[in-house]
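A.B. asks: Let me give you the structure first, and then I'll get to my questions.
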Amino acid sequence: MKHVTRIQDLGPEGVEAVLSQAAAWKQKDPGAIFPGKLLGMVFFNPSLRTRTSFEAVMLRAGGHAIVLDVGSGVWKLEDRPGAVMNADRAEHIKEASPVLSRFVDMLGIRTFSQGGGDEEDEADPVINAFRKWATVPVVSMESAREHPCQGLADALTLRETFGTTKKLPVTLTWAPHIKPLPKAVPNSFLLSAAAAGCEVRVAHPPGFDLHPAVRAEAEAYARATGGSITYTHDQDEALVGSRAVYAKSWGPTAQTASTPTDVAALLASYSGWMPTRRHMAKAAKDAAFLHCLPVRRNVEVADEVLDHSSSRVVDEAGNRYHVQRALLAWMRGGGF
Amino acid sequence: MKHVTRIQDLGPEGVEAVLSQAAAWKQKDPGAIFPGKLLGMVFFNPSLRTRTSFEAVMLRAGGHAIVLDVGSGVWKLEDRPGAVMNADRAEHIKEASPVLSRFVDMLGIRTFSQGGGDEEDEADPVINAFRKWATVPVVSMESAREHPCQGLADALTLRETFGTTKKLPVTLTWAPHIKPLPKAVPNSFLLSAAAAGCEVRVAHPPGFDLHPAVRAEAEAYARATGGSITYTHDQDEALVGSRAVYAKSWGPTAQTASTPTDVAALLASYSGWMPTRRHMAKAAKDAAFLHCLPVRRNVEVADEVLDHSSSRVVDEAGNRYHVQRALLAWMRGGGF
Amino acid sequence: MKHVTRIQDLGPEGVEAVLSQAAAWKQKDPGAIFPGKLLGMVFFNPSLRTRTSFEAVMLRAGGHAIVLDVGSGVWKLEDRPGAVMNADRAEHIKEASPVLSRFVDMLGIRTFSQGGGDEEDEADPVINAFRKWATVPVVSMESAREHPCQGLADALTLRETFGTTKKLPVTLTWAPHIKPLPKAVPNSFLLSAAAAGCEVRVAHPPGFDLHPAVRAEAEAYARATGGSITYTHDQDEALVGSRAVYAKSWGPTAQTASTPTDVAALLASYSGWMPTRRHMAKAAKDAAFLHCLPVRRNVEVADEVLDHSSSRVVDEAGNRYHVQRALLAWMRGGGF
Chain A
1 MKHVTRIQDL GPEGVEAVLS QAAAWKQKDP GAIFPGKLLG MVFFNPSLRT RTSFEAVMLR
61 AGGHAIVLDV GSGVWKLEDR PGAVMNADRA EHIKEASPVL SRFVDMLGIR TFSQGGGDEE
121 DEADPVINAF RKWATVPVVS MESAREHPCQ GLADALTLRE TFGTTKKLPV TLTWAPHIKP
181 LPKAVPNSFL LSAAAAGCEV RVAHPPGFDL HPAVRAEAEA YARATGGSIT YTHDQDEALV
241 GSRAVYAKSW GPTAQTASTP TDVAALLASY SGWMPTRRHM AKAAKDAAFL HCLPVRRNVE
301 VADEVLDHSS SRVVDEAGNR YHVQRALLAW MRGGGF
Chain B
1001 MKHVTRIQDL GPEGVEAVLS QAAAWKQKDP GAIFPGKLLG MVFFNPSLRT RTSFEAVMLR
1061 AGGHAIVLDV GSGVWKLEDR PGAVMNADRA EHIKEASPVL SRFVDMLGIR TFSQGGGDEE
1121 DEADPVINAF RKWATVPVVS MESAREHPCQ GLADALTLRE TFGTTKKLPV TLTWAPHIKP
1181 LPKAVPNSFL LSAAAAGCEV RVAHPPGFDL HPAVRAEAEA YARATGGSIT YTHDQDEALV
1241 GSRAVYAKSW GPTAQTASTP TDVAALLASY SGWMPTRRHM AKAAKDAAFL HCLPVRRNVE
1301 VADEVLDHSS SRVVDEAGNR YHVQRALLAW MRGGGF
Chain C
2001 MKHVTRIQDL GPEGVEAVLS QAAAWKQKDP GAIFPGKLLG MVFFNPSLRT RTSFEAVMLR
2061 AGGHAIVLDV GSGVWKLEDR PGAVMNADRA EHIKEASPVL SRFVDMLGIR TFSQGGGDEE
2121 DEADPVINAF RKWATVPVVS MESAREHPCQ GLADALTLRE TFGTTKKLPV TLTWAPHIKP
2181 LPKAVPNSFL LSAAAAGCEV RVAHPPGFDL HPAVRAEAEA YARATGGSIT YTHDQDEALV
2241 GSRAVYAKSW GPTAQTASTP TDVAALLASY SGWMPTRRHM AKAAKDAAFL HCLPVRRNVE
2301 VADEVLDHSS SRVVDEAGNR YHVQRALLAW MRGGGF
């Protein structure tokens, strides 16, 4: 039984297999490859693209999705072993995960960082509790550490745009926001791009480092695939010669050590990092622009970048469908 | 590509085509006319009838609906061009609409008035943003200006009850409520009934006029179909000789100019407008009673009217299914 | 047209028929027995198991479920006849129930106690309003008085574990909690176990009596099936020789007479009732442990009991699927 809740579950070979299958099936629809199969989708957090694209994958392949919203349609769930459950979490994942496994053929889990800091996010307790206790395959729809389906969609979009991702110079740049965001998306872009052999440049202000374990894992993928990764606090330096620019905001390292006011001031102090056409002009001619969406226009990215013909953000979101279909098939050994 | 977010998108000929098809298919089920097709339903506001009837249409015709609740299951969406998105709206419809278009075959949107007043409602910014940026057909499930599917269900119910709607005397009467409601439903009844050739009498207290643009549009339909429209502040006068009475509450004109307390007092001052059997006795013998539902019993309409054999409100709601099936087929040129 | 909102709708013969069919179909999947049929599911309260298991039943049998969340996706509903609806309940079940009946083939309703006390729970006004006004069969997904599908799953689990339920000694024991819970689940276990012929021992602290009408109904089933029921305030006495232990918390009798502080203190005073392995050791060797879930670990039941090999709680939840499939078929005379 294969779970996929992080890029490591695929490795560079798995990433390659999923991207190839996704591209092939995008050209030629495989039809009802999941006939009568049920994907249970558990959302601890809101979703637009993920919910719609996963359900569309299942329905168009002859299956179905059952959607559960934790905290509105469902009570809150406990993940801590040995907890004395006398507060607001009314059910333990130790029951919820195996019980749901009785009713569906696969479980998709969406859970964000719980705000406990970088080490807790790295441990990814909620999705790992589901994974531990499920008796059916678990797929991540984004968790505290990673958003692997987004990373795969990003890599597919790069491959479609440039023919290959091998040694492709791409910049992952930090961008401003009104609040500190989780690092799952930048982590996944970094890991996927490294696994796809890109020459990745990561640019962010001081104090916004990605977790050492993520960086070490990405470095290993780069070595295996002939790619490379560099880090800089100089956004301009990173952009020069980049064929693609991936913008994303994330919170400062060890953010639990700062007050909300400190964090807001810190984020505001880097408003110049918001990509504009002036920034894009530093990259290669006609460099592609990517973002995972949702994007706060004119805070995180300027209208003029998102509305420019070089923006691939809608295609990138559309590719969520294609990589997810291929990923579910890969997890089930070619189908259900 | 046909969008239908207002009766104007159909015109009298389209209204006629949809009503005829709905009536025909109500007699003889057309079966799986939308095989494997996906309707994405985006709800900015709660719904019972609309959600259930649209999903039932898709499922019984061999397709599926994917339901998204904005603000609970999905974050809030921005509709304003050029907005600096530094508040609670986390995604722009400029992205959400084309992205959702990648995953589904048609989009249904439900959004109420945002409380910005009559001119904003007339401009209908949210549904028009979806319409502008979608790459699949958009159907209204009610917006600030209109609720076209309700208007079509109303007209089908009149036609079923009386055989024809041509020159049928019907009264649209304002009714009391605990708060000012949007005008989408009275607008849609007026426009649909005019497009179906009715002799419409609109009765409401002073200060509750419908928007001039809606009235002008309805007038044009009445001229084209041989119908007529009159307006009065005298409820009794309107009721005399009416074959059908359509009750609905709506807020005062330019309601943003009044305080909530003023509006509540204004609404309370017209409690005598609540339809009772005494009111119905002024209309034609066995006049049909209609209301779009939900209805606040004994505030908006008396129990004795809703529970009387002349009430068609449940049949009217049931007709939502039939007109929506015909409408989606019309939008897709006979099917998907 | 058969509604099933309480065990009385089945009686001992119906219970037997459903359990036999559930067991048979669990061994041999009956396939698409509800082709194209729609179950409308109306939730007044959150749900995990119920929502997923009912939707899975419909989907795997070739049908579909439409899910409505009252109070989030849908406005609040009124159940009181003659109500002047000037508060937060925007639609009466007198409309909602027949309207939904137009769109679906069967209605499932989930509603908890409204906190009005034991007599109101016994009258079960919300689900009875749906039942009264629906024009399609209504199935309970738990209401104020009962949770019949849970009771049926409990009985099936006992039968699977022990081969028969006839004269099986089983203890239903009250357990601690952080707040007073409804009595629907203990009522349903008692009624189902009695209808299945068990020798039921009910143990609870003084002041937590089940409603006299429920006890009288269970007594009648026990007489008809050769089972028996005894009540005690001595948990140890009940456990001795029990082959199965069913733990569940519920609130004190006439709980509306007490302040929240009094109730919390009362619940806390019986923390020794929480099942541990020490408690289980008093029952028969290898006695099975059951609970309806969700369970608050280390408040209601100790980890060591839930994690022991004798715990059947996940199988019990899994059986919800099997009894519900058989129940829907029974309600429709063998299918749809």
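Protein chains in written order, with this note's numbering: chain A, 1 to 336; chain B, 1001 to 1336; chain C, 2001 to 2336. Cβ atoms here follow ideal geometry from the backbone N, Cα and C, with glycine treated the same way. Everything numeric in this text was worked out from a predicted model, so none of it was measured.
#1: Measure the C-alpha to C-alpha separation of B:Ala1216 and A:Leu48 and round it to an integer number of angstroms.
#2: Which same chain residues, not among the five before or five after A:Trp25, have their C-beta less than 8 Å away from its C-beta?
#3: Give the single residue among C:Arg2223, C:Ala2268, C:Glu2146 and C:Val2200 whose Cα lies nearest to the Cα of C:Asn2187.
#4: So B:Ile1127 and B:Ser1143 are in contact, right, with Cβ under 8 Å, and what is the actual spacing, rounded?
#5: Give me the Cβ distance between B:Lys1282 and B:Asp1236, rounded to the nearest whole Å; I'm assuming they're in contact under 8 Å.
#6: Could you pull out every residue in the same chain whose Cβ sits closer than 7 Å to the Cβ of C:Ala2090, ignoring the five residues on either side in sequence?
#7: Can you pull the chain B residues whose beta carbon is under 7 Å from the beta carbon of C:His2064, in chain order?
#8: Whose CA, out of C:Ala2061, C:His2064, C:Lys2132 and C:Leu2158, lies closest to the CA of C:His2291?
#9: Please determine if the segment 2103-2120 of chain C and the segment 2028-2048 of chain C are in contact, where contact requires at least 3 C-beta pairs separated by less than 8 Å.
#10: Where C:Glu2300 and A:His211 are concerned, what is the direct C-alpha to C-alpha distance, given to the nearest angstrom?
#11: Against C:Met2085, what residues of chain B qualify as contacts under a CB-to-CB distance less than 7 Å, listed in chain order?
#12: Which two residues bound the contiguous beta strand (DSSP E) that contains A:Ile229?
#13: Look up B:Leu1172 in the DSSP assignment and give the residues it is bridged to.
#14: Closest to B:Arg1277 by CA distance: which of B:Thr1261, B:Leu1266, B:Ala1302 and B:Val1295 is it?
#15: What is the DSSP secondary structure of B:Lys1076, reduced to helix, strand or coil?
#16: Let me make sure I understand the geometry here. Which of C:Phe2054, C:Gln2027, C:Ser2228 and C:Ala2023 has the alpha-carbon closest to that of C:Thr2171?
#17: At a Cβ cut of 9 Å, what residues of the segment 2090-2106 of chain C count as close to chain B, listed as they run along the chain?
#18: Going by CA-CA distance only, name the one from B:His1177, B:Gly1031 and B:Ala1195 that's closest to B:Gln1008.
#19: Looking at the C-beta of B:Gly1108, does it have a partner C-beta in chain A at a distance below 8 Å?
#20: Residue ranges of each beta strand (DSSP E) run of no fewer than 3 residues wholly in the segment 2133-2196 of chain C, ordered along the chain?
#21: Give me the subset of the segment 319-334 of chain A whose CB atoms are less than 9 Å from a CB atom of chain C, sorted by chain position.
#22: If you draw a straight line from the alpha carbon of C:Ala2175 to that of C:His2204, how long is it in whole angstroms?
#23: What is the DSSP secondary structure of C:Arg2368, reduced to helix, strand or coil?
#24: Since B:Ile1066 and B:Asp1079 should fall inside the 8 Å C-beta cutoff, what is the C-beta to C-beta distance between them, to a whole number of angstroms?
#25: Roughly how many angstroms separate the alpha carbons of B:Pro1012 and A:Glu55, rounded to a whole number?
#26: DSSP has B:Ala1288 in a bridge; who is on the other side?
#27: Take A:Thr232 and list the residues in its own chain whose beta-carbon comes closer than 8 Å to its own, dropping the five residues that flank it on each side.
#28: Can you give the Cα-Cα distance for C:Lys2002 and C:Ser2249, rounded to whole angstroms?
#29: Starting from C:Leu2038, find everything on chain B with Cβ-Cβ shorter than 7 Å and list it in chain order.
#30: Could you tell me which chain A residues have their CB closer than 8 Å to the CB of B:Trp1075, listed as they occur along the chain?
#31: Taking the alpha carbon of C:Ala2096 as the reference point, which residue from B:Asp1124, B:Thr1050, B:Thr1165 and B:Lys1179 has its own alpha carbon closest?
#32: Pull up the distance between the alpha-carbon of C:Pro2035 and that of B:Ala1061, whole angstroms please.
#33: Which residue marks the beginning of the alpha helix (DSSP H) containing A:Leu100, and which one marks its end?
#34: Kindly indicate the opening and closing residues of the alpha helix (DSSP H) around B:Asp1118.
#35: Among the residues of its own chain, which have a CB less than 7 Å from the CB of B:Glu1162, if the five just before and after it don't count?
#36: Could you say which of A:Asp286, A:Thr5 and A:Val15 lies nearest to A:Pro137 if we only look at CA atoms?
C.D. replies: Put simply:
#1: As a working mapping, residue 1216 of chain B is identified with position 216 in the second sequence. As a working mapping, residue 48 of chain A is identified with position 48 in the first sequence. Rounded to the nearest angstrom, the two C-alpha atoms are 39 Å apart.
#2: Looking up residue 25 of chain A in the first sequence gives position 25. Counting only Cβ-Cβ distances below 8 Å, and skipping sequence neighbours, we find His322, Arg325 and Ala326.
#3: Residue numbering aside, residue 2187 of chain C sits at position 187 when the third sequence is read from its first letter. Measuring from the Cα of C:Asn2187, the nearest candidate turns out to be C:Glu2146.
#4: The residue labelled residue 1127 of chain B in the question sits at position 127 within the second sequence. The residue labelled residue 1143 of chain B in the question sits at position 143 within the second sequence. Right, their Cβ atoms sit about 4 Å apart.
#5: For the purposes of this step, residue 1282 of chain B is taken as residue 282 along the second sequence, with counting starting at 1. For the purposes of this step, residue 1236 of chain B is taken as residue 236 along the second sequence, with counting starting at 1. 6 Å between Cβ atoms; contact.
#6: In the third sequence, the residue the question calls residue 2090 of chain C occupies position 90. Excluding sequence neighbours, C:Ala2090 sits near Trp2075 and Lys2076.
#7: The count along the third sequence starts at 1 and reaches residue 2064 of chain C at position 64. Correct list: Leu1059.
#8: Working through the third sequence from its first residue, we reach residue 2291 of chain C at position 291. Measuring from the Cα of C:His2291, the nearest candidate turns out to be C:Leu2158.
#9: yes
#10: If you number the third sequence from 1, residue 2300 of chain C lands on position 300. If you number the first sequence from 1, residue 211 of chain A lands on position 211. C:Glu2300 and A:His211: Cα-Cα distance of roughly 39 Å.
#11: In the third sequence, counting from the first residue as 1, residue 2085 of chain C sits at position 85. Ordered by position in chain B, the residues that pass the 7 Å Cβ test against C:Met2085 are Arg1296, Arg1297, Asn1298 and Val1299.
#12: Translated into the one-based positions of the first sequence, residue 229 of chain A becomes position 229. That run of the beta strand (DSSP E) goes Ser228 to Thr232.
#13: In the second sequence, residue 1172 of chain B corresponds to position 172, counting from 1. According to DSSP, B:Leu1172 bridges with B:Val1202 and B:Tyr1246.
#14: In the second sequence, counting from the first residue as 1, residue 1277 of chain B sits at position 277. Shortest Cα-Cα distance from B:Arg1277 to any of B:Thr1261, B:Leu1266, B:Ala1302 and B:Val1295 involves B:Ala1302.
#15: Within the second sequence, numbered from 1, the residue matching residue 1076 of chain B stands at position 76. B:Lys1076 falls in the strand class under three-state DSSP.
#16: Taking the third sequence and counting its residues from 1, one reaches residue 2171 of chain C at position 171. Minimum Cα distance to C:Thr2171 is reached at C:Ser2228.
#17: Ala2090, Glu2091, His2092, Lys2094, Glu2095, Ala2096, Pro2098, Val2099, Leu2100, Ser2101, Arg2102, Phe2103 and Val2104
#18: Position 8 of the second sequence holds residue 1008 of chain B. Among B:His1177, B:Gly1031 and B:Ala1195, the Cα nearest to that of B:Gln1008 belongs to B:Ala1195.
#19: By 1-based counting over the second sequence, the position of residue 1108 of chain B is 108. Interface annotation, B:Gly1108: not in contact with chain A, CB-CB separation never under 8 Å.
#20: 2138-2140 and 2169-2174
#21: none
#22: Here the question's residue 2175 of chain C lines up with position 175 in the third sequence. Here the question's residue 2204 of chain C lines up with position 204 in the third sequence. Using only the alpha carbons, I get a separation of about 8 Å.
#23: With chain C represented from 2001 up to 2336, any question about residue 2368 of chain C goes unanswered, as that position is not in the structure.
#24: To locate residue 1066 of chain B, count along the second sequence from 1; it is residue 66. To locate residue 1079 of chain B, count along the second sequence from 1; it is residue 79. With 8 Å as the limit, B:Ile1066 and B:Asp1079 do not qualify as a contact, their Cβ atoms being about 21 Å apart.
#25: On the second sequence, position 12 is the one that residue 1012 of chain B refers to. On the first sequence, position 55 is the one that residue 55 of chain A refers to. Going from the Cα of B:Pro1012 to the Cα of A:Glu55 covers about 37 Å.
#26: For this step, residue 1288 of chain B is matched to residue 288 along the second sequence. Paired residue(s): B:Ala1244.
#27: Sequence index remark: in the first sequence, residue 232 of chain A carries index 232 (1-based). If we look at A:Thr232 and ignore the five residues flanking it on each side, its Cβ neighbours are Arg201, Val202, Ala203 and Ala238.
#28: Within the third sequence, numbered from 1, the residue matching residue 2002 of chain C stands at position 2. Within the third sequence, numbered from 1, the residue matching residue 2249 of chain C stands at position 249. One C-alpha to the other measures close to 31 Å.
#29: Looking up residue 2038 of chain C in the third sequence gives position 38. Those are Ala1056 and Leu1059, listed as they occur along chain B.
#30: Locating residue 1075 of chain B in the second sequence gives position 75, where the first residue counts as 1. The contacting residues are Pro46, Leu48 and Pro294.
#31: Numbered from its first residue, the third sequence carries residue 2096 of chain C at position 96. It is B:Thr1050 whose Cα lies nearest to the Cα of C:Ala2096.
#32: Numbered from 1 along the third sequence, position 35 holds the residue referred to as residue 2035 of chain C. Numbered from 1 along the second sequence, position 61 holds the residue referred to as residue 1061 of chain B. One C-alpha to the other measures close to 13 Å.
#33: Position 100 of the first sequence, counted from the start, is the residue given in the question as residue 100 of chain A. A:Leu100 -> alpha helix (DSSP H) spans Ile93 to Phe103.
#34: Within the second sequence, the letter at position 118 stands for residue 1118 of chain B. Element bounds for B:Asp1118: Asp1118 to Ala1123.
#35: Residue mapping note: residue 1162 of chain B aligns to position 162 of the second sequence, counting from 1. Per the sequence shown, residue 1162 of chain B should be read as Phe rather than Glu. Residues of the same chain with a CB within less than 7 Å of the CB of B:Phe1162, apart from the 5 flanking positions on each side, are Leu1168 and Arg1243 in chain order.
#36: Taking the first sequence and counting its residues from 1, the one referred to as residue 137 of chain A is at position 137. If we check each option's Cα against that of A:Pro137, A:Thr5 comes out closest.
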